[in-house]
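J.: Quick one: structure below, then a few questions.
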Amino acid sequence: MLKQSKSYVTKAKSMLHGGDYNPDQWLDQPDILADDIKLMKLANTNTFSVGIFAWSALEPEEDVYHFEWLDEIINNIYNNGGRVILATPSGARPAWMSQKYPEVLRVNERREKLLHGGRHNHCFTSEVYREKTQKINGLLAERYGDHPALLMWHISNEYGGECHCDKCQEAFRIWLKGKYNNDLKALNDSWWGPFWSHTIFDWSQIESPSPIGESAVHGLNLDWRRFVTDQTIDFYENEIVPLRKMTPAVPITTNFMADTFDLIPFQSLDYSKFAKHVDVISWDAYPAWHNDWETTDNLAMKVGFINDLYRSLKQQPFLLMESTPSLVNWHNVNKAKRPGMHLLSSMQMVAHGSDSVLYFQWRKSRGSSEKFHGAAVDHDNSTGNRVFQEVAKVGEVLGKLEDVVGTNRPADVAILYDWESNWALNDAQGFGRKTKQYPQTLQEHYRTFWEQDIPVDVITKDEDFLNYKLLIAPMLYLMSEETISRLKAFVANGGRLVMTYISGLVNEHDLTYLGGWHKDLQEIFGMEPKETDTYYPNDRNYVQFRNHSYEVKDYATVLQQGSARTEGMYQEDFYKDTPAVMSHEYNKGKSYYIGARLNQQFHRDFYQEIIDELGLSPVVTVKHGEGVSVQTRQGEDTNYVFVMNFTEQTQQVEFTSAVKDLVTGEKLIGEVTLNTYEVRVVACKR
-8 MLKQSKSYVT
2 KAKSMLHGGD
12 YNPDQWLDQP
22 DILADDIKLM
32 KLANTNTFSV
42 GIFAWSALEP
52 EEDVYHFEWL
62 DEIINNIYNN
72 GGRVILATPS
82 GARPAWMSQK
92 YPEVLRVNER
102 REKLLHGGRH
112 NHCFTSEVYR
122 EKTQKINGLL
132 AERYGDHPAL
142 LMWHISNEYG
152 GECHCDKCQE
162 AFRIWLKGKY
172 NNDLKALNDS
182 WWGPFWSHTI
192 FDWSQIESPS
202 PIGESAVHGL
212 NLDWRRFVTD
222 QTIDFYENEI
232 VPLRKMTPAV
242 PITTNFMADT
252 FDLIPFQSLD
262 YSKFAKHVDV
272 ISWDAYPAWH
282 NDWETTDNLA
292 MKVGFINDLY
302 RSLKQQPFLL
312 MESTPSLVNW
322 HNVNKAKRPG
332 MHLLSSMQMV
342 AHGSDSVLYF
352 QWRKSRGSSE
362 KFHGAAVDHD
372 NSTGNRVFQE
382 VAKVGEVLGK
392 LEDVVGTNRP
402 ADVAILYDWE
412 SNWALNDAQG
422 FGRKTKQYPQ
432 TLQEHYRTFW
442 EQDIPVDVIT
452 KDEDFLNYKL
462 LIAPMLYLMS
472 EETISRLKAF
482 VANGGRLVMT
492 YISGLVNEHD
502 LTYLGGWHKD
512 LQEIFGMEPK
522 ETDTYYPNDR
532 NYVQFRNHSY
542 EVKDYATVLQ
552 QGSARTEGMY
562 QEDFYKDTPA
572 VMSHEYNKGK
582 SYYIGARLNQ
592 QFHRDFYQEI
602 IDELGLSPVV
612 TVKHGEGVSV
622 QTRQGEDTNY
632 VFVMNFTEQT
642 QQVEFTSAVK
652 DLVTGEKLIG
662 EVTLNTYEVR
672 VVACKR
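Numbering of the sequence shown is given in my numbering, commencing with residue -8 and proceeding in unit increments.
Shown next as structure tokens:
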């Protein structure tokens, strides 16, 4: 691999540690605010996100502003050696605005106008709301743009949701006119208009999908989701106009999310599009550690997958914008992190490319819905409790990782993730309702490489495939002609491509390809999928691959062999003794098609052959058992290696060459014991 130059995503050259700070909740208790400044130093914190939900404190009445309290807070943090990530307050507007300008309130998919309350309860299309957000953002930029404490801008908070008001309906129609060049026939062709007599004869007849109206036109549903992403980005772009103008050198981010319960990427917005509009990717991670449905290392693997996706969106370090030092208040069961897990889980984020460990929240709220959400400072205001001590420990360790800041994780392996394909697949009224599980399937393919400490980029269809030796594209249901062409070029130029069942069935309009599987795909793979069999939970089949039998679950595709080579055969049902796994040499490269959903042991054995053939290996070899993860970030001359025990047992690891522990300073070689949840961060020359 090529040497990696550092990419500093903020002006800071050290790890950021701190998090969301809400002093506006404590303005009438100056003793609490004074304690915060003292505690920040004791917790080894240095960075705070302020102003996220502070609009009512900044502008309690229309055009009446109170910035004095924020002046004092920012000055105190800076004088204490800290920095500020200053937020724009659009995530929760003041009540006076909803009362005076009801158009800012959202309308839901049932066409019900919402009341004031909650967060992100606003219309992205509203001219009033756009004007108001831009105005207050401009005032913030004017007042604080040159403040030495200002590290970056945090735009709004966790963008999400949608509005179905009249303004948004009209904006959607305008968006569609642009997409289809003002051609209703093109729109009807793409939406398959004659179905159920749903041909559109005038743009005014178009309504957004609704449970009380239209929800079965898949082209409409897909375009609506695209519009919601584009309209959210457009609102964001409106927000940042004064920031770009007045503070062009200050980087901008907004915090992305993940679905915490399944631990998959956030589904409502296409982050591959949004990523192009931010300077730095940041995201909010809240894994349910110590749950009773999966092992700790399985959950860690899922976290690694999302980290590698968000890092790969811009191919640079990212920021962990929110996490919890212990528990949250919105899981089904809100379990505290066990001793050691906070440091371990924080180091995992850094290992996969984060240059920060930031929390929601610095201090627990006294009232309302987040008063029992974890925080660095509890209601006891004590430095002696376990959580505060573990936060301080994380800060101490981060303080010794300054050289890691700005380094990246180059990879020869990529997994292709596509939001639009997942939207379309979930909309498809076919296959199994509960077993499609596209993101989870990608994580299962990712697992083998995570277990073997082989770096992986999780990329989108816009990335350059030619940068990789191996590209894995499971269940890529939606493929445009352009994507197919780029996959063809990747294999023709020497790449290895793995594809699976339920791939390449529809184009970018969610219309099926006629005449069977796309001809270019048949050429790449030397075969054609003819029929997908969907299994009930109790159905069983098996695939013989090499000298072993592997269980099939959920899906099995009947394949018609062309010039491809059979690698595995079905053992049961009407397609017994027919191909289930095939390979095909195409020009300089090679493709593989896996026709069935198979167990993890199959993935290990299947990918091991490719790993050996391509000579894929960890950046630094550390021998270890199951449940230990070794992840590496690469500097110009140094590898920074994170050795992490995601098990409840003591583990033995072996350093095959000498390394230096960056935390303790000791030299390590040979066998080392890792206690439960222990992590070692070491460095060695490249």
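Cβ atoms here follow ideal geometry from the backbone N, Cα and C, with glycine treated the same way.
(1) Name the DSSP bridge partner or partners of leucine 512?
(2) Considering only the alpha carbon of each residue, which of Tyr492, Asn532, Thr426 and Val0 lies closest to methionine 518?
(3) Any chance the stretch 138 to 154 sits against the stretch -3 to 9, with 3 or more Cβ pairs inside 8 Å?
(4) Decide if threonine 79 is buried, meaning its Cβ has at least 16 other Cβ atoms within 10 Å, or exposed.
(5) According to the neighbour-count rule (16 or more other Cβ atoms, all chains shown, within 10 Å of its Cβ), is threonine 647 buried or exposed?
(6) By DSSP, does methionine 332 sit in helix, in strand, or in coil?
(7) Please tell me whether arginine 671 and valine 634 are closer than 9 Å, where the distance is taken between their beta carbons.
(8) Can you list, in chain order, the residues of its chain whose CB lies under 6 Å from that of proline 93, leaving out five sequence neighbours each side?
(9) Please report how far the alpha carbon of alanine 162 lies from the alpha carbon of glutamine 258, in whole angstroms.
(10) Where leucine 310 and threonine 623 are concerned, what is the direct C-alpha to C-alpha distance, given to the nearest angstrom?
(11) Closest by CA to tyrosine 277, which one among Gln16, Ser188 and Ser336?
(12) Taking its Cβ as the centre, do 16 or more other Cβ atoms sit within 10 Å of phenylalanine 252, making it buried, or is it exposed?
(13) Using a threshold of 9 Å, state whether the C-beta atoms of serine 608 and isoleucine 445 are closer than that.
(14) Roughly how many angstroms separate the alpha carbons of threonine 525 and leucine 488, rounded to a whole number?
(15) Looking at the secondary structure, which residues open and close the alpha helix (DSSP H) in which phenylalanine 265 lies?
(16) Could you name the residues that DSSP lists as bridge partners for phenylalanine 633?
(17) Using the C-alpha atoms, what's the distance from histidine 281 back to arginine 329?
(18) If you reduce the DSSP assignment to three classes, tell me which class arginine 74 lands in.
(19) By the three-class DSSP mapping on this structure, what secondary structure does glutamine 160 have?
(20) Taking the straight line between their C-alpha atoms, what separation do you get for valine 610 and serine 347?
(21) Tyrosine 566 to arginine 531, Cα distance in whole Å?
(22) The ligand SAM heavy atoms versus the CB of glutamine 222: any closer than 8 Å?
(23) For phenylalanine 39, count neighbouring Cβ atoms within 10 angstroms of its own Cβ and tell me buried if that reaches 16, exposed if not.
(24) What did DSSP end up calling alanine 48 once you bin it into helix, strand or coil?
(25) With glycine 661 as the anchor, note down where its beta strand (DSSP E) starts and where it stops.
(26) Does any CB atom of chain C fall closer than 9 Å to the CB of proline 528?
(27) DSSP on tryptophan 353, reduced to helix/strand/coil?
(28) Please return the same chain residues whose Cβ sits closer than 8 Å to the Cβ of isoleucine 475, not counting the five positions on each side in sequence.
(29) I'd like to confirm the pairing. Which residues does DSSP put opposite isoleucine 450 in its beta bridges?
(30) Can you tell me whether DSSP reads serine 582 as helix, strand or coil?
(31) Take asparagine 128 and list the residues in its own chain whose beta-carbon comes closer than 7 Å to its own, dropping the five residues that flank it on each side.
(32) When DSSP builds the beta bridges, which residues end up paired with isoleucine 463?
(33) Between the C-alpha atoms of alanine 86 and aspartate 369, what's the straight-line distance to the nearest angstrom?
(34) In terms of alpha-carbon separation, which member of Ser373, Gly616, Met237 and Thr451 lies closest to arginine 134?
(35) By DSSP, does phenylalanine 481 sit in helix, in strand, or in coil?
(36) Where does threonine 716 fall in DSSP's three states?
T.: So, to answer that:
(1) Locating residue 512 in the sequence shown gives position 521, where the first residue counts as 1. None, per the DSSP bridge assignment.
(2) Locating residue 518 in the sequence shown gives position 527, where the first residue counts as 1. It is Tyr492 whose Cα lies nearest to the Cα of methionine 518.
(3) yes
(4) Counted from its first residue, the sequence shown places residue 79 at position 88. The residue in question, threonine 79, is buried, as its Cβ has 16 or more Cβ neighbours within 10 Å.
(5) One-based indexing of the sequence shown puts residue 647 at position 656. Counting Cβ neighbours within 10 Å, threonine 647 comes out exposed, since fewer than 16 surround it.
(6) Sequence index remark: in the sequence shown, residue 332 carries index 341 (1-based). Methionine 332: helix per DSSP, three-state reduction.
(7) Residue mapping note: residue 671 aligns to position 680 of the sequence shown, counting from 1. Residue mapping note: residue 634 aligns to position 643 of the sequence shown, counting from 1. In contact: arginine 671 and valine 634 (Cβ atoms closer than 9 Å).
(8) Taking the first residue of the sequence shown as 1, we reach residue 93 at position 102. Nothing meets the Cβ criterion.
(9) Taking the sequence shown and counting its residues from 1, the one referred to as residue 162 is at position 171. Taking the sequence shown and counting its residues from 1, the one referred to as residue 258 is at position 267. Taking the straight line joining both Cα atoms gives about 22 Å.
(10) Here residue 310 refers to the residue found at position 319 when the sequence shown is read from its first residue. Here residue 623 refers to the residue found at position 632 when the sequence shown is read from its first residue. Roughly 17 Å separates the two Cα atoms.
(11) Translated into the one-based positions of the sequence shown, residue 277 becomes position 286. The option with the nearest alpha carbon to tyrosine 277 is Ser336.
(12) Position 261 of the sequence shown holds residue 252. Exposed.
(13) Walking along the sequence shown from the start, residue 608 turns up at place 617. Walking along the sequence shown from the start, residue 445 turns up at place 454. Yes; because the gap between Cβ atoms is below 9 Å, this pair is in contact.
(14) Locating residue 525 in the sequence shown gives position 534, counting from the first residue. Locating residue 488 in the sequence shown gives position 497, counting from the first residue. Looking at the two C-alpha atoms, the distance is approximately 24 Å.
(15) In the sequence shown, the residue the question calls residue 265 occupies position 274. Looking at the DSSP string, the run of the alpha helix (DSSP H) that includes phenylalanine 265 is 262 to 265.
(16) Counted from its first residue, the sequence shown places residue 633 at position 642. Phenylalanine 633 is bridged to Gln622 and Val672.
(17) Here residue 329 is taken as the residue at index 338 of the sequence shown, counted from 1. Here residue 281 is taken as the residue at index 290 of the sequence shown, counted from 1. Each residue's alpha carbon lies about 8 Å from the other.
(18) Within the sequence shown, numbered from 1, the residue matching residue 74 stands at position 83. Strand at arginine 74.
(19) Your numbering for residue 160 matches position 169 in the sequence shown. DSSP places glutamine 160 in helix when its eight states are reduced to three.
(20) Here residue 610 refers to the residue found at position 619 of the sequence shown. Here residue 347 refers to the residue found at position 356 of the sequence shown. Valine 610 and serine 347: Cα-Cα distance of roughly 23 Å.
(21) The residue given as residue 566 occupies position 575 in the sequence shown. The residue given as residue 531 occupies position 540 in the sequence shown. C-alpha separation (whole angstroms): 13 Å.
(22) Summarising the ligand content, the structure contains no ligands, and the ligand SAM is consequently not present.
(23) Residue 39 sits at position 48 when you count from the first residue of the sequence shown. Per the 10 Å Cβ criterion, buried.
(24) Indexing the sequence shown from 1 puts residue 48 at position 57. Alanine 48 falls in the helix class under three-state DSSP.
(25) Stepping through the sequence shown from its first residue, residue 661 is reached at position 670. First-last of the beta strand (DSSP E) with glycine 661: 658 to 665.
(26) Chain labels in this structure do not include chain C; a single protein chain is all it has.
(27) By one-based count along the sequence shown, residue 353 stands at place 362. Coil at tryptophan 353, not helix or strand.
(28) Translated into the one-based positions of the sequence shown, residue 475 becomes position 484. Cβ neighbours of isoleucine 475 beyond the five flanking positions: Gly495, His509, Asp511 and Leu512.
(29) Taking the sequence shown and counting its residues from 1, the one referred to as residue 450 is at position 459. Paired residue(s): Leu407.
(30) Taking the sequence shown and counting its residues from 1, one reaches residue 582 at position 591. Here serine 582 sits in strand by DSSP.
(31) Within the sequence shown, residue 128 is the residue found at index 137, counting from 1. So the qualifying residues of the chain are Thr79, Glu230, Pro233 and Leu234.
(32) Translated into positions along the sequence shown, residue 463 becomes position 472. Paired residues: Ile406 and Val489.
(33) Indexing the sequence shown from 1 puts residue 86 at position 95. Indexing the sequence shown from 1 puts residue 369 at position 378. Taking the straight line joining both Cα atoms gives about 29 Å.
(34) Position 143 of the sequence shown, counting from 1, holds the residue named residue 134. When each option's Cα is compared against that of arginine 134, the closest is Met237.
(35) What you label residue 481 is simply residue 490 of the sequence shown in a count that begins at 1. Phenylalanine 481 falls in the helix class under three-state DSSP.
(36) The structure shown has nothing for residue 716, since the chain only spans -8 to 677.
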